[in-house]
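Student: Submitted below is the structure of interest, expressed as structure tokens.
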Amino acid sequence: MSGYLKDEKATEEAFRGGWFRSGDLAVKHPDGYIEMKDRLKDIIISGGENISTVEVETVLYNHPAILEAAVVARPDNHWGQTPCAFVKLKEGFDVDAQEILKFCRDHLPHYMAPKTVIFEDLPRTSTGKIQKFILREKAKALGSLS
0 MSGYLKDEKA
10 TEEAFRGGWF
20 RSGDLAVKHP
30 DGYIEMKDRL
40 KDIIISGGEN
50 ISTVEVETVL
60 YNHPAILEAA
70 VVARPDNHWG
80 QTPCAFVKLK
90 EGFDVDAQEI
100 LKFCRDHLPH
110 YMAPKTVIFE
120 DLPRTSTGKI
130 QKFILREKAK
140 ALGSLS
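Using numbering that gives the first Met the number 0, the final residue of the sequence shown is 145, and nothing's skipped along the way.
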């Protein structure tokens with residue numbers, strides 16, 4: 000890619016220091032392998048710790064009752080932000096938020112585990128992608144947890 004068509008400013012912002020700044024967070028391993036971690040706008044900063052929503056979602060998807068999951072930041076007056084999980088359960092399962100929270104605490108460092116679980120259908124685009132911007136607004140509207 001040589002740049003954005005007829006948009007020099009966007010090209011200058013995206014191409015700095017020899018790298019294309021896509022808005023993704025990645026780690027380059029010593030062997031040259033580049034591992035994608037998350038979208039920068041989806042990183043949750045809680046008490047100075049960076050939390051990858053992808054890592055938390057991976058744990059949620061391992062719960063036998065969860066069909067769909069998405070994690071976004073919820074404002075928190077003490078921690079700055081805390082993970083807020085939106086989940087849709089598989090048909091025939093009846094679990095509560097406490098069970099989901101315990102499962103996450105058992106499989107993640109405590110600071111990464113969601114503090115809030117909301118059960119609902121996840122909003123999607125016409126192509127099936129989860130619309131996290133809608134979930135971010137819902138989490139923001141909940142206000143601070145503490």
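Cβ coordinates follow ideal geometry from the N, Cα and C atoms, glycine included.
Taking the beta carbon of Ala68 as the centre, do at least 16 other beta carbons fall within 10 Å, making it buried, or is it exposed?
Tutor: Ala68 is buried by the Cβ-count criterion.
Student: Report yes if the CB atom of Pro113 is closer than 8 angstroms to the CB atom of Leu100, and no otherwise.
Tutor: Against a cut-off of 8 angstroms, the Cβ pair of Leu100 and Pro113 comes out as a contact.
Student: Give the DSSP-derived three-state secondary structure of Glu48 in the structure shown.
Tutor: In this structure, Glu48 counts as strand in the three-state DSSP scheme.
Student: Nearest to Ala138 by alpha carbon, out of Ala72, Glu54, His77?
Tutor: For Ala138, the nearest C-alpha among the options comes from Ala72.
Student: Do you know offhand how far Thr52's Cα is from Ile43's?
Tutor: If you take the alpha carbons of Thr52 and Ile43, they lie about 7 angstroms apart.
Student: Tell me which same chain residues have a C-beta within less than 8 angstroms of the C-beta of Phe24, skipping the five on either side of it?
Tutor: With the sequence shown as reference, residue 24 is identified as Leu, and Phe is not the correct amino acid for it. Counting only Cβ-Cβ distances below 8 angstroms, and skipping sequence neighbours, we find Met35, Lys36, Asp37, Arg38, Leu39, Ile42, Ser51.
Student: Quick one: what's Arg123 bridged to in DSSP?
Tutor: DSSP, once it has assigned bridges, lists Ile129 as partnering Arg123.
Student: What are the start and end residues of each continuous alpha helix (DSSP H) run of 4 or more residues lying completely inside the segment 43 to 116, in chain order?
Tutor: List check, alpha helix (DSSP H) in window: 52 to 60, 96 to 106.
Student: Taking three-plus beta-carbon pairs below 8 angstroms as touching, is the segment 4 to 21 in contact with the segment 72 to 83?
Tutor: No: fewer than three Cβ pairs fall under 8 angstroms.
Student: Are the beta-carbon atoms of Cys83 and Thr57 separated by less than 8 angstroms?
Tutor: The answer is no: Cβ separation not under 8 angstroms.
Student: Going by the beta-carbon positions, is the gap between Leu59 and Cys103 smaller than 8 angstroms?
Tutor: Taking 8 angstroms as the Cβ cut-off, Leu59 and Cys103 qualify as a contacting pair.
Student: Would you call the CB atoms of Phe92 and Leu121 closer than 8 angstroms?
Tutor: Cβ distance not < 8 angstroms, so Phe92 and Leu121 don't count as in contact.
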